[in-house]
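The numbering used here applies: residue 1 is where the sequence shown begins, and numbers increase by one.
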Amino acid sequence: MTSETFPNSKTVYGPVTSWRFGESLGIDPIFETSTCSFNCFYCQLGHIQNITTLQRVYVPTEKVLKDFKEALDSSKKIDVITYSGSGEPTLASNLGEIVLGIRKLAPEIPQFLLTNGTQFHLDEVKENIKGIDKIIFKLDALTEKEFQLINRPAPGVTLKLIKENIKTLKENYTGDLEIQTMFMPLNSSDLKSYSEFIAEVKPKTVQLNTPKRPYPLSWHRENRGNHNAIFDYEVRDLRTVSQEEASDIEKELRQNTSAEIISIYRN
Ligand code: SF4
């Protein structure tokens, strides 16, 4: 894989082959540097440069749409469009405009959003995500203490807020809802409260992950995207859960929830 695959001047990257969604074209409405309301200790972007809950335009809509049109014209196949990139996409106050603009240019391609759920109590964010076909929430922690250790959020962001945001969204959202959890030795002890929450929210799908990609020790825009490329910079390996532990988690969820379970160990 060459640097041209992830040109640094573009807000659109890929398509990259996702084990879940096929050829996924990434949209980065943050772009300028890594910016997120979390600073997860396993983040593929490395240590987040700008840890914030600030809603603003991070990159102009026109630039994203221009980059998207170019990618659309030059890509052979795009199965899905995924909002992710250089941080938390819902921090971008122009996300709704971007979603609508892309819908006009490619009405047939489904649009997915990867999010940490920290902004969904805001009316403007609820408005911005209306055109999204599938929302994939990150939920890694089972207790407030684990949440602070794993996701290292911006001041004022709590696990309670995120759980409330997910529950409220579920009541009104007509698209698909998925919960994605990064399991690691830190958070795999209290499964009961996790499966109770899943049973209450009833997401269509739960995706069980473990940090198989190493943690980059510096920020590079090439880190965007769900890919397995090895880049030439320093990284630190992370502790994963074993296949046996992942099977136990899966078993617990199958017994207590009706969600479709997808595990990184089986795919
Ligand atoms: S929420 Fe995503 S982008 Fe933000 S720090 Fe965590 S893994 Fe990185």
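We put the CB at the ideal spot given by N, CA and C, even for glycine. All values reported here derive from a predicted model rather than from experimental measurement.
Return the residue from the list the options that minimises the CA-CA distance to residue i.
{"i": "D79", "options": "I98, L191, L25", "result": "L25"}
{"i": "F68", "options": "R103, M182, Q207", "result": "R103"}
{"i": "V235", "options": "R224, Y215, Y13, S247", "result": "Y215"}
{"i": "K130", "options": "L113, K77, I81", "result": "L113"}
{"i": "S34", "options": "S18, R239, E222", "result": "E222"}
{"i": "A246", "options": "K204, F183, R224, D190", "result": "F183"}
{"i": "Q111", "options": "L122, N128, I264, D123", "result": "N128"}
{"i": "G14", "options": "K77, V59, S37", "result": "K77"}
{"i": "I261", "options": "R224, K204, Y233", "result": "K204"}
{"i": "F38", "options": "W19, S18, Q148, P107", "result": "Q148"}
Kindly give me the distance between the Cβ atoms of residue i and residue j, rounded to whole angstroms, as I take these residues to be in contact under 8 Å.
{"i": "L72", "j": "F120", "result": "At roughly 29 Å, the Cβ-Cβ gap does not stay under 8 Å, so L72 and F120 are not in contact."}
{"i": "G22", "j": "S218", "result": "Contact doesn't hold; Cβ gap of about 31 Å is too wide."}
{"i": "L253", "j": "I198", "result": "6 Å"}
{"i": "K202", "j": "S258", "result": "7 Å"}
{"i": "I109", "j": "I81", "result": "5 Å"}
{"i": "T142", "j": "S75", "result": "Per the sequence presented here, residue 142 reads as Leu, with Thr not at that position. Going by Cβ atoms, the distance from L142 to S75 rounds to 39 Å, so no, they are not a contact pair."}
{"i": "V59", "j": "E32", "result": "7 Å"}
{"i": "L191", "j": "I249", "result": "6 Å"}
If we ignore side chains and look at the alpha-carbon of each, how far apart do residue i and residue j end up?
{"i": "L65", "j": "T118", "result": "25 Å"}
{"i": "N116", "j": "L161", "result": "11 Å"}
{"i": "T61", "j": "L95", "result": "8 Å"}
{"i": "T158", "j": "I51", "result": "14 Å"}
{"i": "P185", "j": "E70", "result": "43 Å"}
{"i": "R266", "j": "S242", "result": "12 Å"}
{"i": "E196", "j": "G156", "result": "25 Å"}
{"i": "K251", "j": "V16", "result": "31 Å"}
{"i": "K63", "j": "A92", "result": "14 Å"}
{"i": "F6", "j": "H220", "result": "Here F6 scores only 48 on pLDDT, less than 50, and its place in the model should not be relied on; the value that follows carries that caveat. Cα-Cα distance, rounded: 10 Å."}
{"i": "V57", "j": "S84", "result": "15 Å"}
{"i": "K126", "j": "L105", "result": "23 Å"}
{"i": "N256", "j": "L54", "result": "37 Å"}
{"i": "S9", "j": "L238", "result": "30 Å"}
{"i": "T240", "j": "D123", "result": "37 Å"}
{"i": "K145", "j": "L139", "result": "14 Å"}
{"i": "T174", "j": "N187", "result": "30 Å"}
{"i": "Y233", "j": "R224", "result": "14 Å"}
Determine, using beta-carbon pairs with one atom in the stretch 125-138 and one in the stretch 170-185, whether at least three such pairs fall under 8 Å. yes
Three-pair Cβ contact test at 8 Å for the stretch 80-90 versus the stretch 152-167: no
Okay, do the stretch 93-108 and the stretch 31-51 touch, 3+ Cβ pairs below 8 Å being the bar? no
Uninterrupted beta strand (DSSP E) stretches inside the stretch 54-130 (no shorter than 3 residues): 80-83, 111-115
Counting beta carbon pairs with one atom in the stretch 28-36 and one in the stretch 190-210, are three or more of them shorter than 8 Å? no
As an exercise, report each continuous beta strand (DSSP E) stretch of at least 3 residues that is fully enclosed by the stretch 158-183, in chain order. 176-182
Ordered list of beta strand (DSSP E) runs contained in the stretch 197-236, each at least 3 residues: 205-209
Along the chain, which unbroken stretches of the beta strand (DSSP E) at least 3 residues long are found entirely within the stretch 22-58? 22-27
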